[in-house]
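Inspection log for the structure reproduced underneath, given as structure tokens.
Numbering (the working numbering), first residue to last: 883 to 1150.
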């Protein structure tokens, strides 16, 4: 089942020299139970696309459809985890996690158990009354994740969520996100990850969409047919990493327009 359809989306912004086109003719689907990653060079529109999908901004052309309905405003059934944590420094962990629920109008008696549940799920027990300044980067990102999951979104959008963390912390959180996504008792139904880290994308995702340089277009959609947990040292993993890296560095035509843009073969 298709949760999200991105249909021929363009995005442009006015600039001093006229119009700057960020992306062109972006088309793909996010299906139920998908873990989809988007990679590409800096400035190609990856993060902008997440904002368009959630309804924080509007496409210049084309449309985004969520459960067969056009996205015309902020979609409450999606939640975002940001690279910069985006926590309110004057609020405690519990208050930060509760923020989205309060914005949705949940009553206090319903918010409290929901906050406690997702504080527990994300390993934040004992830190309910701490402030962001008292937490490590990894713990702050756990708060951001708990806040996103607490609203029980159908789709979790993740904008380079591990890039500000040290390698060990990032590896631990990646594994935890996979466990949460694979738990049928927990949201979300699908995850859409933007990353500049090709190995990270291949480790986590079922499919990787490769963007070109700006104006961004889709060079390939690469299926990742590797069993989990994935071995970064395996030849199959290396071959997929090399293919995605080559697509980004060599560029090419939009998907379907030239051999360089063909969908990658499934890895054995």
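For every residue, glycine included, the Cβ atom is placed at its ideal position computed from N, Cα and C.
Query: C-beta atoms of residue 1033 and residue 961 nearer than 8 Å; Result: yes
Query: Terminal residues of the alpha helix (DSSP H) in which residue 995 lies; Result: 990-1003
Query: Residues that DSSP places opposite residue 901 in a beta bridge; Result: 896
Query: Expected contact under 8 Å - CB spacing of residue 1004 and residue 1027 to nearest Å; Result: 5 Å
Query: Cβ pair residue 1022, residue 1006 closer than 8 Å; Result: no
Query: Sufficient close CB pairs (3 or more, under 8 Å) joining the region 1103-1120 to the region 928-941; Result: no
Query: Residue span of the alpha helix (DSSP H) that contains residue 1022, given as start and end; Result: 1019-1032
Query: DSSP bridge partner residues for residue 1105 (one or two, in chain order); Result: 1089
Query: Supposed close pair residue 917, residue 1087 - CB separation, criterion 8 Å; Result: 5 Å
Query: For residue 902 and residue 1077, the rounded distance between their alpha carbons; Result: 23 Å
Query: For residue 908 and residue 1146, the rounded distance between their alpha carbons; Result: Any answer about residue 1146 is weak, because its pLDDT of 40 lies below 50 and its placement is not dependable; what the coordinates show is given next. Computed Cα separation, rounded: 18 Å.
Query: Complete runs of the beta strand (DSSP E) confined to the region 901-966 [at least 3 residues]; Result: 917-921, 943-948 and 960-963
Query: CA nearest to the CA of residue 892, picked from 1119, 1121, 1130 and 1100; Result: 1100
Query: From 1013, 1055 and 936, residue whose alpha carbon lies closest to that of residue 954; Result: 936
Query: For residue 1133 and residue 1140, the rounded distance between their alpha carbons; Result: Note on residue 1140: pLDDT 40, under 50, position unreliable in the model; no value is reported.
Query: Close-in-space but distant-in-sequence residues of the same chain around residue 884 (CB under 6 Å, 5 per side omitted); Result: 911 and 913
Query: Status (buried if at least 16 other CB within 10 Å, exposed otherwise) for residue 1125; Result: buried
Query: Residue from 886, 1121, 906 and 1012 whose Cα sits closest to the Cα of residue 860; Result: No statement about residue 860 is possible, as the shown extent of the chain runs from 883 to 1150 and does not include it.
Query: Bridge partner(s) assigned by DSSP for residue 884; Result: 913
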